[in-house]
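Below is one structure; the comments refer to it alone.
Protein chains: 2
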Amino acid sequence: MAQVEARVLKGFRDYLPEADIPRQAMLRKVVAVFESFGFGPLTTPALEYADILLGKYGEEGDQLLYRFADNGGRDVALRYDLTVPLARVVAQHRSLDMPFRRYQVAPVWRAEKPGRGRFREFLQCDVDIVGEASARADAECMMVGLEVLGALGVPGFVMRVNNRKILDGLLDRVGVEGRERRHAVLRVMDKLPKIGRAGVEAELSDEVGLDAEARSLLFEVLGRPVAGSAGVRALDDAVGGSEAGRLGITELAELLDIVEAAGYGDRVEVDLSIARGLDYYTGTIYETFVRDREGFGSVMSGGRYDTLLAMFLRESIPAVGISLGIDRLVSLLVDLGLVGGRAGTADVFAAAFDDEGYGAMVRWAGALRRAGVGVETSLVAGRLGKQFRLAEKKGYRFVVLQGPDERAADKLALKDLQSGEQVTVDLEEVVRRVRSAPDGGHG
Amino acid sequence: MAQVEARVLKGFRDYLPEADIPRQAMLRKVVAVFESFGFGPLTTPALEYADILLGKYGEEGDQLLYRFADNGGRDVALRYDLTVPLARVVAQHRSLDMPFRRYQVAPVWRAEKPGRGRFREFLQCDVDIVGEASARADAECMMVGLEVLGALGVPGFVMRVNNRKILDGLLDRVGVEGRERRHAVLRVMDKLPKIGRAGVEAELSDEVGLDAEARSLLFEVLGRPVAGSAGVRALDDAVGGSEAGRLGITELAELLDIVEAAGYGDRVEVDLSIARGLDYYTGTIYETFVRDREGFGSVMSGGRYDTLLAMFLRESIPAVGISLGIDRLVSLLVDLGLVGGRAGTADVFAAAFDDEGYGAMVRWAGALRRAGVGVETSLVAGRLGKQFRLAEKKGYRFVVLQGPDERAADKLALKDLQSGEQVTVDLEEVVRRVRSAPDGGHG
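Those sequence lines, one after another, are chains A and B. Under the numbering used here, the first sequence has 344 at position 364, and the numbering climbs by one with no breaks. Under the numbering used here, the second sequence has 154 at position 174, and the numbering climbs by one with no breaks.
Printed below as a string of structure tokens:
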């Protein structure tokens, strides 16, 4: 076999430990919040029959699927999101108790043009509730999402909420007809944070053929400040006499009533310009931005999709969910200096004084672990300076070691790389000192 | 879009919450042990350039790759294991500090004929140490693996260890020459637990052309009981004068010295018949079986692969690792009744007495969560019997609720579904009772 150049595909990336340690720590926090709201884990295959995924994301989405014929000639594709596989699962396993709350943390694949912050493989963290039509389910997804951002220490975030039915009412009023044309308008509106009002107006005019009067009416409504559920209830004129529009107003007001009563009102704003690009939304839609970092894009978004299940079943089952863009959040928190890199995962580094003491080191390292202190042991003995430098590079604050004197006295030497202080103490005292250090001894 | 039948590909599967809850809990324990030994997380793409993977697993392995042309016409494949991507990462990122300890928990894909317990997508949990040639690295991987099985509560397991160089010496002595022929013998030997001695003898005779004398000599050595490092050192005659064989004996004896001194000797046995199917092993090889459940196959296996890195680099970098078959372990522990299914992940279920109290329920549920008690709230109010039945089906032991009387008195009702007892107490007492229940209130 000839030698092969080690490289990754464009749009894909490795997370080396220094980058993956804070990322995995964040994922653990996310999952803990999901579970504290009673969401259960679901694992689905990376590969699905292509027809399960096709026609769910719009034509552009179909083009972006990693689709191929497998070894048995089956038409298969890598999943594009976690929502359609969830719908497939619920349709397939009809004995699931409703409402079905699940979370899933898993990569998805989209063959997009790679760019800054845009990758062909990225991790999604989704919570969804299937089988409950009331605004309580929408509120539950919002609240668990807001609690996740709080638990991660994301500063100054705000969730912007809207309802597709209000947009439907507005499109009725503006006179945009036909499913395809309406979706085209929504997809253009969805670009508002990226291309601005002028860009959106140009595309609405050139690509969708919306006249100046319609565009002006649209933007008059989209730009309205709306204060809480009372503000939403006063929106009737915006949707004219549209029945869909009025239903959307009721749904959004009910949702806000719940989250305001639950004390989340300060983190939620109505934004009528939120449209979301995916075709399958039917009601509530949400996006979440971090103040002064809007350029990062939405870090958490989702909505209600009451008709998706009907693509697999004779009946319709209501569903709502929210998806956290964890990789984008990791970049943001690193950018803000709120999470830092270290390359070691244990609490202390155990240096090996000499070959004779190696076996003893393995034993006291085991005793430290049983006492709850993680230990990375050196695999080389002697040349202590080199071992200390490795410990320091990996971000350890404490090095533990045992020279012949300590060994004879059944003690350990504990060196604090931050202060330079070294003490000779027994194992229990090592445990006490490391556990009482801020951040459990991580330098 | 026509309606599509909801189904998964053959050889793939969904883990619904009831099955995924114990699985995820086990994964958390596995990762905690990995990290307590200082292994850091690594995440690599699911897709690699095909030439990165080809030629590493033998011809059969190449055939089992999910390989296709992507949208840009690149020859790509889904990863087949986590070892080759690790080698690619180390070859590509040359600034990594050595020894490099990493863990990775991720699915791999093999287009094998699906069968009982054999899937086309399965999760691997790997720890590896790259850049350290001494037996200490082999011992470290063994010990972290043994600690993982202990932490998971796997009963009566034993790790069987061997060294490829000893097998090399034996093949020298038996007169099997040529890389391909030697690998063929090892792959047949690897089937011993599945097809028995008679099956292996038949294949060695028919497919590799080994004569009766050679086979008999082989089995005489493979079947020898070898007691600890002293027993290994007495094996010199088995490998005749082979230099490779004698080096293997030294390596295996050194490895056993370390694990015996560290107190792991009771969980490790030498088994000269362990061969491992993959081509890339060069030294230590291990497999782990659960007593009385040998039919489940090895639950943890691995070995040293000192030449794999040279397929990407001009230089050779030594490496050793071990891989836990978590899905097989989950089946085993379920089979043994050691892990059970529940469909809820929170600690208590909050029932909603009536619509009026729904907002208050959301608030006291939040207060319970802040006190460390996970709460799944009902999304429907009233019809309490139905809510209680859902809580019971999802495996909750406690239901918390607040009727008008409790609301007026600022108390909560806590019902224990196991004992039937219901008490009216304040929120702090709910927290105290739930947290002091065995298993944190899980029924």
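Here a beta-carbon is modelled for each residue, glycine too, at the ideal position from N, C-alpha and C. Model, not experiment: these values are computed from the prediction.
- Message: So Leu397/A contacts chain B; which residues on that side make the cut at Cβ distance below 9 Å?
- Response: Mapped onto the first sequence, residue 397/A falls at position 417. Those within 9 Å of Leu397/A in chain B number zero; the least Cβ separation is about 15 Å.
- Task: Name, please, each residue of chain A whose Cβ falls closer than 9 Å to the Cβ of Asp286/B.
- Result: Start at 1 with the first residue of the second sequence, and residue 286/B comes out as number 306. The premise fails here: Asp286/B is roughly 15 Å from chain A at the closest Cβ pair, so nothing lies under 9 Å.
- Query: Would a check of beta-carbon distances place Val411/B closer than 8 Å to chain A?
  - Reply: Within the second sequence, the letter at position 431 stands for residue 411/B. Look at Val411/B: its C-beta is not under 8 Å from any C-beta on chain A.
- Item | Contact set between Leu359/B and chain A, taken where Cβ atoms lie within less than 8 Å | In the second sequence, the residue the question calls residue 359/B occupies position 379. The contacting residues are Pro79, Ile109, Glu112, Ser114, Arg116, Ala117, Glu120.
- Message: By DSSP's criteria, Thr404/B is part of a beta bridge. Which residues make up the other side?
- Response: Position 424 of the second sequence, counted from the start, is the residue given in the question as residue 404/B. Beta-bridge partners assigned by DSSP to Thr404/B: Ala393/B.
- Item | Simplified DSSP state of Glu183/B, which is helix, strand or coil | Mapped onto the second sequence, residue 183/B falls at position 203. Helix, per DSSP.
- Task: Kindly identify the DSSP beta-bridge partner or partners of Tyr83/B.
- Result: By 1-based counting over the second sequence, the position of residue 83/B is 103. According to DSSP, Tyr83/B bridges with Pro21/B, Val107/B.
- Item | Gly423/A (DSSP reduced to helix, strand or coil) | For this step, residue 423/A is matched to residue 443 along the first sequence. Confidence at Gly423/A is low in this model, with a pLDDT of 43, below 50, so the placement of that residue should be treated as unreliable; the coordinate-derived value is given next. Gly423/A falls in the coil class under three-state DSSP.
- contact_flag[the region 12 to 25 of chain A, the region 34 to 49 of chain B] where n(CB pairs < 8 Å) is 3 or more: no
- Query: Got a sec, what are the start and stop residues for the alpha helix (DSSP H) Val154/A sits in?
  - Reply: Mapped onto the first sequence, residue 154/A falls at position 174. Element bounds for Val154/A: 144 to 154.
- Task: In the DSSP assignment, find the unbroken alpha helix (DSSP H) run with Leu62/B in it and report its ends.
- Result: Position 82 of the second sequence, counted from the start, is the residue given in the question as residue 62/B. Careful: Leu62/B lies outside any alpha helix (DSSP H) and carries neither H nor E.
- Item | Distance CB(Arg144/B)-CB(Gly263/B) smaller than 8 Å | On the second sequence, residue 144/B is found 164 positions in, with the first residue counted as 1. On the second sequence, residue 263/B is found 283 positions in, with the first residue counted as 1. Taking 8 Å as the Cβ cut-off, Arg144/B and Gly263/B qualify as a contacting pair.
- Exposed or buried, which one is Gln448/B when buried takes at least 16 other CB atoms within 10 Å? The question about residue 448/B has no answer, for chain B in this structure spans -19 to 423.
- Positions along the region 34 to 49 of chain A whose CB lies within less than 9 Å of some CB in chain B: Cβ contacts with chain B: Leu34, Gly35, Lys36, Gln43, Leu44, Leu45, Tyr46, Arg47, Phe48, Ala49.
- Message: Against chain B, with Cβ distances strictly below 8 Å, would His73/A count as a contact?
- Response: By one-based count along the first sequence, residue 73/A stands at place 93. Closer than 8 Å: yes.
- Query: If we cut at 8 Å on Cβ distances, does Asp335/B have a partner in chain A?
  - Reply: Taking the second sequence and counting its residues from 1, one reaches residue 335/B at position 355. Taking Cβ atoms only, chain A never reaches closer than 8 Å to Asp335/B, which makes this a no.
- Please list the segments of the beta strand (DSSP E) lying wholly inside the region 277 to 358 of chain B, counting only runs of 3 or more residues, in order along the chain. 280 to 284, 299 to 304, 328 to 332
- Bridge partners - Ile265/A, DSSP secondary structure assignment: As a position in the first sequence, residue 265/A is number 285, starting the count at 1. DSSP, once it has assigned bridges, lists Asn142/A, Gly283/A as partnering Ile265/A.
- Query: Is the region 358 to 378 of chain B in contact with the region 319 to 332 of chain B, if contact means three or more CB pairs nearer than 8 Å?
  - Reply: Yes: at least three Cβ pairs fall under 8 Å.
- Message: Between Pro87/B, Met78/B, Val134/B, which has its C-alpha nearest Thr63/B's C-alpha?
- Response: As a working note, residue 63/B is residue 83 in the second sequence. Looking at the Cα atoms, Pro87/B is the closest of the given residues.
- Item | Cross-chain neighbours of Ala242/B in chain A, by beta carbon under 8 Å | For the purposes of this step, residue 242/B is taken as residue 262 along the second sequence, with counting starting at 1. Within 8 Å Cβ-Cβ: Gly339, Val342, Arg343, Gly346.
- Query: Using a Cβ cut-off of 9 Å, which residues of the region 10 to 25 of chain A contact any Cβ in chain B, in chain order?
  - Reply: Val11, Ala12, Val13, Phe14, Glu15, Ser16, Phe17, Gly18, Phe19, Gly20, Pro21, Leu22, Thr23, Thr24, Pro25
- Between the Cα of Gly324/A and those of Val180/B, Leu22/B, Glu(-2)/B, Arg247/B, spot the shortest distance and give me the residue it belongs to. Against the first sequence, residue 324/A aligns to sequence position 344. Measuring from the Cα of Gly324/A, the nearest candidate turns out to be Leu22/B.
- Message: Could you give the first and the last residue of the continuous beta strand (DSSP E) run that contains Ala49/B?
- Response: Along the second sequence, one-based indexing puts residue 49/B at 69. 47 to 49 is the extent of the beta strand (DSSP E) around Ala49/B.
- Label Gly317/A either buried or exposed according to how many other C-beta atoms from any shown protein chain fall within 10 Å of its C-beta, with 16 as the threshold for buried. Mapped onto the first sequence, residue 317/A falls at position 337. Its Cβ having fewer than 16 others within 10 Å, Gly317/A is exposed.
- Option nearest Ile265/A by Cα separation, candidates Gly38/A, Arg140/A, Val410/A: Within the first sequence, numbered from 1, the residue matching residue 265/A stands at position 285. Measuring from the Cα of Ile265/A, the nearest candidate turns out to be Arg140/A.
- Length of the line joining the Cα atoms of Pro418/A and Asp108/B: Working through the first sequence from its first residue, we reach residue 418/A at position 438. Working through the second sequence from its first residue, we reach residue 108/B at position 128. About 30 Å.
- 9 Å Cβ cut-off: residues of chain A touching Arg159/B: Counting from one through the second sequence, the residue named residue 159/B turns up at place 179. Within 9 Å Cβ-Cβ: nothing; Arg159/B doesn't reach chain A, min ~12 Å.
- Item | Distance between Glu274/A and Gly423/A (C-alpha atoms, nearest Å) | Taking the first residue of the first sequence as position 1, residue 423/A is located at position 443. Taking the first residue of the first sequence as position 1, residue 274/A is located at position 294. The pLDDT assigned to Gly423/A is 43, lower than 50, so where the model puts this residue is not dependable; a value taken from the coordinates is nonetheless given after this. C-alpha separation (whole angstroms): 32 Å.
- Task: Indicate whether at least one CB of chain B lies closer than 8 Å to the CB of Ile302/A.
- Result: If you number the first sequence from 1, residue 302/A lands on position 322. At least 8 Å separates the CB of Ile302/A from every CB of chain B.
- Task: State yes or no: is the beta carbon of Leu313/B nearer than 8 Å to at least one beta carbon in chain A?
- Result: The sequence position of residue 313/B within the second sequence is 333, counting from 1. Judged by the 8 Å Cβ criterion, Leu313/B is not in contact with chain A.
- Item | Same chain, Cβ closer than 7 Å to Val69/B, five either side skipped, listed in chain order | Locating residue 69/B in the second sequence gives position 89, where the first residue counts as 1. Around Val69/B, the same chain offers Leu22, Thr24 as residues with beta carbons nearer than 7 Å, after the five sequence neighbours per side are excluded.
- Query: Going straight from the alpha carbon of Arg271/B to that of Met169/B, what length do you get?
  - Reply: For the purposes of this step, residue 271/B is taken as the residue at position 291 of the second sequence. For the purposes of this step, residue 169/B is taken as the residue at position 189 of the second sequence. When rounded, the distance between both Cα atoms is 21 Å.
- Message: Please give the ranges of any alpha helix (DSSP H) in the region 208 to 258 of chain B, keeping only runs that are unbroken, at least 4 residues long and fully inside the region.
- Response: 208 to 213, 223 to 241
- Any C-beta of chain A sitting closer than 8 Å to the C-beta of Val234/B? For this step, residue 234/B is matched to residue 254 along the second sequence. Correcting the residue type first, residue 234/B is Glu in the shown sequence and not Val. Glu234/B does not count as touching chain A.
- Using DSSP with H/G/I as helix, E/B as strand and the rest coil, what is Gly95/A? Along the first sequence, read from residue 1 onward, the residue named residue 95/A stands at position 115. Of the three classes helix, strand and coil, the one that applies to Gly95/A here is strand, per DSSP.
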